[in-house]
Every structure is written in structure tokens, then in C-alpha cells.
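Quick note on our numbering: the sequence shown kicks off at 66 and runs consecutively.
Notes follow once the structure below has been shown.
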Amino acid sequence: MKKSVRFLTVTLCAVLIMQIIAALVCPMYAQASADVSVIISGSTVNVRAGAGTDYDIILSATRGTEYQYVSQTKDGSGTTWYQIIYSGTKKGWVTGQYSKKLVCDYSDAQTYIDTVSQAYGAVGTQVALIENGKVTSVYNYGYSTKSTSAMTTDTKIRVASLSKIVVAMSAMRMQEQGLVDIDANIGSFWSASVPKAVTLRSLLSHTSTLKELSYVYTREETLAQIISASSYNSGTVGSASVWKYCNYAVGAAGTTLELVLEKNLSDYADEQFFSSLGIEASWHAGAISSGKLATLYYSDGSVARSVVNQATIKPREYGCNTNSFAGGLTISAKDMAKLVAVLANDGTYDGTRYLSEASVSAMEKKLFTASENGGTFSQCMPLRYKANLYGQSELYYHTGNAYGVLSMASYNPTTRCGVVVITTGASANRDSQGVYAVCSKITEFMYESLSYTPPAATEPTTTVTTTTAPTVPEIPAQSISVSEQDISMKLGEEKQLEVAVEPASATDVISFVSSSKCVEVDGNGRLTAVGYGTAVITVSGYETSTTCTVEVVPDIDMTLLGASIRVSDPYGIRFGIQIKKDEVFNNTDIVEYGTLIIGAGTLGSAELELDTKSVLRIPAVNILSEDDAQLTYTGVLIDIPESFFNTNVTARGYLIYKDVDGVERVLYTNTATKNFTQVAQAAYNSYSTIESPSDTQKEIIANLEAILKIETPSQTTQETTATTTTTTESEVTTDEQ
66 MKKSVRFLTV TLCAVLIMQI IAALVCPMYA QASADVSVII SGSTVNVRAG
116 AGTDYDIILS ATRGTEYQYV SQTKDGSGTT WYQIIYSGTK KGWVTGQYSK
166 KLVCDYSDAQ TYIDTVSQAY GAVGTQVALI ENGKVTSVYN YGYSTKSTSA
216 MTTDTKIRVA SLSKIVVAMS AMRMQEQGLV DIDANIGSFW SASVPKAVTL
266 RSLLSHTSTL KELSYVYTRE ETLAQIISAS SYNSGTVGSA SVWKYCNYAV
316 GAAGTTLELV LEKNLSDYAD EQFFSSLGIE ASWHAGAISS GKLATLYYSD
366 GSVARSVVNQ ATIKPREYGC NTNSFAGGLT ISAKDMAKLV AVLANDGTYD
416 GTRYLSEASV SAMEKKLFTA SENGGTFSQC MPLRYKANLY GQSELYYHTG
466 NAYGVLSMAS YNPTTRCGVV VITTGASANR DSQGVYAVCS KITEFMYESL
516 SYTPPAATEP TTTVTTTTAP TVPEIPAQSI SVSEQDISMK LGEEKQLEVA
566 VEPASATDVI SFVSSSKCVE VDGNGRLTAV GYGTAVITVS GYETSTTCTV
616 EVVPDIDMTL LGASIRVSDP YGIRFGIQIK KDEVFNNTDI VEYGTLIIGA
666 GTLGSAELEL DTKSVLRIPA VNILSEDDAQ LTYTGVLIDI PESFFNTNVT
716 ARGYLIYKDV DGVERVLYTN TATKNFTQVA QAAYNSYSTI ESPSDTQKEI
766 IANLEAILKI ETPSQTTQET TATTTTTTES EVTTDEQ
């Protein structure tokens with residue numbers, strides 16, 4: 066966030082005095098402001114002996130490697146170079162093109178999050194902060210879908226293994242209700258004999274000895290797996306010696322819970338947690354509005370799961386969702402943080418109890434020490450525990466990694482503070498603790514920026530919000546106007562809204578509000594297009610206001626090419642539409658595209674659109690041709706009787722897409738008005754000039770002459786020898802526009 070500052074003229078002595086006082090009063094901030102490092106953002110970057118590519122290469126650094134910052138300069142081309150310290154005391158230089166300068170300024174978390182996200186190549190990032198047991202701040206970076214829609218607080222992301230936390234919370238809530246015993250053999254819930262003493266506790270702490278089996282989708286198939294001795298490794302269930310992280314085990318736990326409930330676990334979690342907490346989430350992405358879903362990207366930028374793909378993931382019958390529970394929870398960082406805060410608060414949130422203290426203690430119980438990916442921790446259920454991490458005396462946490470999503474949720478049970486980080490498309494580098502570095506860096510920064518206030522002896526459960534009335538201006542504005550009423554912007558474009566206030570001497574504080582998240586507006590009227598859609602910008606003074614409309618439309622290259630005809634019975638006319646498959650097209654949430662056709666006389670002078678009366682809407686089903694660069698499809702009007710050969714029809718291509726608010730919008734191509742005879746004549750003019758036509762071309766010419774009733778000797782010959790066989794070129798194309 067940029068802050069405006071008024072500079073006062075002071076003496077050098079006064080400046081020095083103020084700096085000394087600031088350092089004495091706030092030594093932590095003074096030290097933190099000087100904490101500057103350089104983080105490598107390219108996949109592999111050379112460290113050189115000097116500031117330029119002419120200098121020798123000292124070593125190669127990989128993405129996510131962090132070095133102490135020394136200084137910076139620019140080379141002859143204007144490229145910034147950072148001097149760094151490596152291997153203790155040695156110095157080298159890296160280009161600013163593939164590295165980021167990272168400044169730990171705790172007053173500006175957004176800039177830090179942006180910089181770390183960029184350095185690790187994230188497409189989008191969400192961060193939620195818990196202070197004193199309550200979610201207080203949310204930060205967003207980048208896109209939910211590349212170049213199409215911005216990452217927002219309400220964007221829902223498949224959070225990978227953070228899902229396991231909510232499975233465990235559901236199990237503990239069910240135990241409180243007497244529905245399950247987490248230490249009972251799961252065979253009792255399946256009415257079957259399980260070859261080992263497997264319990265919900267062992268499944269959720271990765272000590273069940275179950276192998277990482279392939280998921281199946283019926284209760285019968287899952288039962289067959291868990292009762293088979295071959296599904297288990299050797300060793301004693303529940304012991305530290307058999308610990309092995311197992312996604313399938315958590316899937317089996319979730320399926321067992323559904324079997325007991327005789328309902329979908331998402332429905333149960335909604336009843337017990339989500340609804341009361343104001344959370345929209347599900348283990349099945351298709352249960353959430355597709356307009357809120359984030360596209361999932363791998364670190365190479367490719368799509369791991371599109372919004373369209375995720376929208377098909379619907380809940381199956383209870384007991385048939387084994388593949389969902391280990392990583393399928395789709396939720397925002399803000400909503401996930403509310404669930405984490407329940408644990409940090411010993412089972413309560415905002416005065417409401419969701420779990421007993423005993424249930425939270427069971428999840429937090431340190432069972433044994435385990436190691437993975439270079440990190441050592443205490444295994445809990447399913448949380449992990451580590452002391453002295455990120456400056457916290459103790460920390461419970463869990464991480465996730467699937468389909469390009471890297472995530473981390475953590476909390477300090479003493480301070481009741483916590484952090485949730487979710488990223489898409491970021492590099493999966495790990496830090497020395499085995500935690501994904503992009504999540505680790507942001508989490509550590511957020512904890513260090515927190516200010517902890519010990520709770521009062523008795524905590525109030527009611528939140529009181531006070532609103533300060535606006536100050537009455539000394540000279541009220543009589544009118545406010547803007548330079549443009551209708552504004553069109555491209556994604557990523559910025560534009561200054563010019564505002565005129567009458568009288569010019571008015572002292573109103575002017576405010577700007579956008580009705581949609583597709584357009585952001587700052588306090589100075591600076592517009593930024595961050596997603597597709599339409600926003601109404603309201604510009605207000607104390608007693609008067611005005612509005613303007615801003616539309617952000619995807620710049621999809623879509624063209625109606627022309628018309629062709631079928632020259633044998635059944636006669637038809639078709640219109641071809643070509644779409645360029647560029648980045649804008651590939652990253653737009655497209656619902657449907659096709660062709661509109663209507664009689665030109667029926668249309669008259671009206672605009673041909675989807676809601677035009679009597680229009681024929683033909684969704685594209687058959688793609689005529691397609692490659693990586695473009696696709697071409699057709700809209701066909703067939704069975705045209707000869708009496709209608711001279712009747713004009715008008716055609717137009719259309720494309721329906723969803724904007725960032727989930728509203729369906731339409732793009733149109735140019736229009737073309739043709740009749741069957743007109744296209745036949747253009748085709749005949751083209752084919753009849755061929756000096757040595759092939760047999761197929763001769764047949765086409767004959768058919769065209771018959772349609773156009775052209776009397777020629779060649780036609781007579783053709784008519785006496787022609788057969789009713791349809792040729793492969795019976796649809797004749799003209800490039801006439």
C-alpha cells in the first residue's frame with residue numbers, strides 16, 4: 066500500500082536527532098528495516114564476479130536460494146545487479162532480472178508477500194493471519210486464473226493435505242457425540258474383521274501400517290482393501306517404528322466416518338463447523354460456485370486442474386469418496402484460518418464452542434518423534450509439533466502439496482496466533498526444516514510481525530463495532546462529475562479517473578468505491594483492471610455523488626471467416642468461425658461458443674444477439690480443425706429447399722464466458738449475410754476458371770451449374786454421366802466475406 070507523506074523542511078541536525086530517537090524508541094523495527102536479502106527467482110541463475118555478464122561465473126544458484134544483500138548497481142544496459150554474500154564471507158553479483166530484493170519491513174506485509182511469491186514463481190497466493198485467536202488480516206497476490214481473474218479473499222483453492230486437519234476435527238466432534246471411538250478397531254464400524262488393530266487414531270497419525278493403496282470408489286471395494294492382509298505393512302499398529310506418511314489412510318478414515326454418519330462428510334462438517342463459522346468449503350470442488358474456484362498450476366506454468374475440470378468433482382454417495390479426504394478440501398485461506406483458530410482457542414471461536422478442550426488436546430498430543438524431508442518433529446493427530454520454529458516457543462502445523470498447490474497452516478497454542486498460507490504454481494523448494502520454502506518464508510515473516518497482547522482475565526464474547534460519522538465539510542460540494550461515463554479497459558491496464566468538483570473550493574473528502582472485484586480503485590481514483598467483468602465506480606462527497614461504468618472484456622481474437630455450401634442433396638449453407646488459442650483464450654473461463662443464424666428479413670435492422678427472437682443458436686460440437694494456435698468450427702443450416710436458395714440468412718459467432726463475479730457474459734464476431742445461390746455463384750466463378758479440373762472438380766462444377774441453372778454443353782455431358790454419389794468435396798467453400 067502506498068502512503069502519501071508530506072515532507073517538511075528541517076535542519077540536518079533535527080533529522081539526525083529524530084533518527085537517534087526512533088532507534089532508541091523502536092529498536093526492533095530499526096533492526097528489522099535493515100534486514101535485507103536477495104532471493105533467486107530464476108530456475109538457475111549465475112553468480113558472477115562483477116556486475117555484468119562479462120564477468121566470470123563463480124557458481125550457479127537455484128530458485129529460492131537466499132543470500133545476504135550488500136549493495137546494488139546498474140550495468141551499461143541499465144540492468145540492476147545485486148551484490149551478495151555467499152559461503153559465509155565471499156561476495157558475488159546476481160542480476161535483478163532473475164532475483165528479488167527482499168526487505169523485512171513489518172509495516173508492509175503485502176509487499177513482502179508479493180516479493181516472495183514472485184521469487185518462487187507463484188501464480189497466486191493467499192495469506193490469513195490469526196491474532197489472539199481471531200482471523201484479523203487476509204492478503205492476496207496474483208491471479209486465481211492467469212491473466213483472467215485476480216486472487217481474492219473469497220477465491221477457493223484445493224488446499225492439499227491441510228484437508229487432513231478437518232477430517233480429524235470431524236472425527237473428534239463425532240466422538241464427542243458418541244458416534245465413534247477413535248481408539249476402537251475400525252472393523253466395528255464396517256461390521257467386518259480387519260487383520261490388524263487399526264483405529265481412527267492410527268489412521269490419522271500415519272501409524273496404521275496401511276500401504277499407499279490406489280483409491281477405489283465404492284464401499285465394497287474399499288472394504289475389500291482394508292480387510293485384505295496384503296494391504297498392510299509389517300509392524301505394530303500405533304508404534305513409532307511403523308510411522309509412514311499415508312494419504313490413503315486418511316481417505317480410509319474419512320470413508321469410515323461417512324459410513325457411520327450415513328451421509329457425506331462435507332455435509333456433516335458444514336453442519337458442525339462451516340455454516341456457523343461463515344465458511345464456504347467442501348471436499349468436492351464441484352459443490353462450490355465455479356466463479357470462486359482457482360485454476361491450479363504446476364510450477365512450470367502448465368495447468369494442473371482447470372476450473373472446468375474441478376467443477377465436475379461432485380460428491381458421490383456416502384462411503385464412496387475415499388479419494389477426497391487426504392487433499393480435496395477446497396477452501397480459502399481466510400476460512401481455513403477460522404478452523405485453525407478453533408484449535409488455537411482450545412475449541413472455540415468468537416465465543417462459540419466447536420470442539421471440547423479434550424478433543425483439541427487429543428489432536429495436539431505429541432505421540433513420538435518423526436523425521437521427513439530433512440525436518441524432525443513430534444507427530445500428533447494429524448498435526449505436527451515443533452518448538453522454537455519461526456520465533457515461536459511452540460508451534461503446531463501441517464503442510465500440503467498437490468496439483469501445484471503448496472500450503473501451510475500453523476498456530477501457537479500459547480499466544481493463540483497463527484498463519485495460513487496457500488500458493489498456486491510456486492516452486493516446491495524446501496527449507497532446512499523440510500517445509501516448502503515459499504510458505505515458510507511468508508509464515509516466518511507474519512509471526513515476526515505479530516504483536517501479542519495477553520488475554521484479559523475474562524474475555525468478552527460480544528464484539529462491539531463503532532462507526533464514526535463523516536466530518537461535515539466547511540464548503541460542501543454541490544456536484545461531482547467524471548470525465549468518462551463508460552470506460553473500457555484491458556486486463557492489467559491502469560487508468561486515472563478524472564473527477565471535477567463544483568465549486569472548486571469544496572472541502573469534501575472524495576471517496577471511490579468499486580461494485581466488483583474486477584476493477585480496483587484507490588483513494589485517488591486510480592483504476593486497475595484485475596479481472597473480467599463490469600464495475601460501477603461510485604465517486605462520493607459528503608452529500609453528492611456520481612457513477613461511471615468500467616468494463617473489462619477479454620481480448621479474444623474471434624472471426625467469422627465466410628460461408629460455404631453443400632452442393633448435393635440435402636443442400637446446406639455453413640459459416641466458419643476461427644478462434645485464436647492465445648493466452649487470453651486459454652485462461653478465460655469459457656462456458657460455450659457457437660453460431661447464431663437467422664433469416665435476414667426476420668432480423669431486419671436489429672443487432673443479432675443470443676436473445677434475438679427466432680434466432681437459431683448452434684453450439685459448436687464438431688470442430689473443423691484445431692492446433693495449438695487456433696481452432697475453426699462451423700455452424701450449419703441444412704435441408705434448404707430450392708425455393709429458399711435466394712433467401713438471405715445472417716450469421717454471427719458467439720462466445721460465452723464467466724467474469725470474476727461468476728456472471729456469464731458474451732462476445733460476438735462480425736456478421737455475414739449470405740444466401741445459398743450467392744455462395745454457389747462465387748464458388749462457380751472460382752471453380753470454372755480451373756484450366757484442367759480433376760474428376761471431382763468436374764463433378765462439383767456440374768452440381769453448381771445445376772443449382773445455378775447454367776445451360777452449357779459441358780453441363781449436358783455432366784448431367785448424362787453424373788451419379789448420385791456424394792463426393793468428398795460436396796461442401797464448397799468460398800472466401801467471399
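We put the beta carbon where it would ideally sit given N, CA and C, even for glycine.
All figures in this text were calculated on a predicted structure; none of them were measured in a lab.
query: Starting from LYS165, follow the alpha helix (DSSP H) in both directions and report where the run begins and ends.; result: Per DSSP, LYS165 belongs to no alpha helix (DSSP H); it is in the beta strand (DSSP E), 164 to 168.
query: Could you compute how far the alpha carbon of GLY161 sits from the alpha carbon of TYR147?; result: 7 Å
query: Can you tell me whether PRO568 is buried or exposed, with buried defined as 16 or more other CB within 10 angstroms of its CB?; result: exposed
query: Hey, GLY157 and ALA114: beta-carbon distance below 8 Å or not?; result: yes
query: Between which two residues does the beta strand (DSSP E) carrying ASN111 extend?; result: 109 to 113
query: When the distance is taken between beta carbons, is ILE663 closer than 8 Å to LEU673?; result: yes
query: Starting from the Cα of LEU244, find the closest Cα among GLU327, ILE105 and LEU448 and give me that residue.; result: GLU327
query: Please report how far the alpha carbon of CYS583 lies from the alpha carbon of GLU559, in whole angstroms.; result: 12 Å
query: The ligand GTP heavy atoms versus the CB of TYR476: any closer than 7 Å?; result: As for the ligand GTP, it is missing from this structure, which has no ligand bound.
query: Let's see if you can read the secondary structure: which residues bound the beta strand (DSSP E) around LEU460?; result: 457 to 467
query: Could you name the residues that DSSP lists as bridge partners for GLN447?; result: The residue asked about is misnamed: residue 447 is Pro in this sequence, not Gln. Beta-bridge pairing links PRO447 to no other residue.
query: Check whether the region 205 to 220 and the region 588 to 602 are in contact - that is, three or more C-beta pairs closer than 8 Å.; result: yes
query: Within 10 angstroms of the Cβ of ALA346, are there 16 or more other Cβ atoms? Answer buried if so, exposed if not.; result: buried
query: Report the CB separation of MET473 from THR441 in whole angstroms; it is logged as a contact under 8 Å.; result: No, MET473 and THR441 are not in contact; Cβ-Cβ is about 17 Å, not under 8 Å.
query: Quick check on LYS155: buried or exposed, where buried means 16 or more other Cβ atoms within 10 Å of its Cβ?; result: exposed
query: Across which residues does DSSP place PRO684 in a beta bridge pair?; result: GLY659
query: Throw me the rounded Cβ distance for the TYR698 and ASP654 pair, which I believe falls under 8 Å.; result: That belief does not hold up - the Cβ atoms of TYR698 and ASP654 are roughly 19 Å apart, past 8 Å.
query: With burial defined as no fewer than 16 other Cβ atoms inside 10 Å of the residue's Cβ, what is the status of ARG717: buried or exposed?; result: buried
query: Which residues mark the beginning and the end of the beta strand (DSSP E) in which VAL604 is found?; result: 598 to 605
query: Quick one: complete alpha helix (DSSP H) runs, 4+ long, within the region 619 to 682?; result: 648 to 651 and 665 to 668
query: According to DSSP, simplified to helix, strand and coil, what is ALA737?; result: strand
query: Since SER273 and ALA334 are thought to touch, with beta carbons under 8 Å apart, how far apart are those beta carbons, to the nearest angstrom?; result: Contact doesn't hold; Cβ gap of about 22 Å is too wide.
query: Pick helix, strand or coil for ALA767, following the three-state DSSP scheme.; result: helix
query: Label GLU764 either buried or exposed according to how many other C-beta atoms from any shown protein chain fall within 10 Å of its C-beta, with 16 as the threshold for buried.; result: buried
query: Opposite MET473 in the DSSP bridges: which residues?; result: THR464 and VAL486
query: Using only the alpha-carbon positions, how far apart do TYR752 and ALA767 sit?; result: 10 Å
query: To the nearest angstrom, how far is the alpha carbon of ASP121 from that of SER364?; result: 30 Å
query: Report all residues from its chain with a CB closer than 7 Å to the CB of SER296; omit the five preceding and five following residues, and keep chain order.; result: LEU275, LYS276, LEU278 and GLN290
query: Quick one: give me the first and last residue of the alpha helix (DSSP H) that CYS311 is part of.; result: Element bounds for CYS311: n/a, residue is neither H nor E.
query: Counting only the same chain and skipping the five closest in sequence on each side, list residues whose C-beta sits under 6 Å from that of SER759.; result: none
query: Compare the Cα-Cα distances from ASN111 to each of GLY465, ALA571, SER102 and ILE149 and report the closest residue.; result: ILE149
query: Helix, strand or coil for ALA542, going by three-state DSSP, please let me know.; result: coil
query: DSSP three-state label for THR712, please.; result: coil
query: So ARG631 packs on LEU661, CB below 8 Å; how close in whole Å?; result: Their Cβ separation, rounded to whole angstroms, is 20 Å, which puts ARG631 and LEU661 out of contact at 8 Å.
query: So the candidates are GLN242, SER581, ALA398 and ARG128; which of them puts its Cα closest to the Cα of TYR206?; result: ALA398
query: List the DSSP bridge partners of LEU720.; result: TYR658 and LEU732
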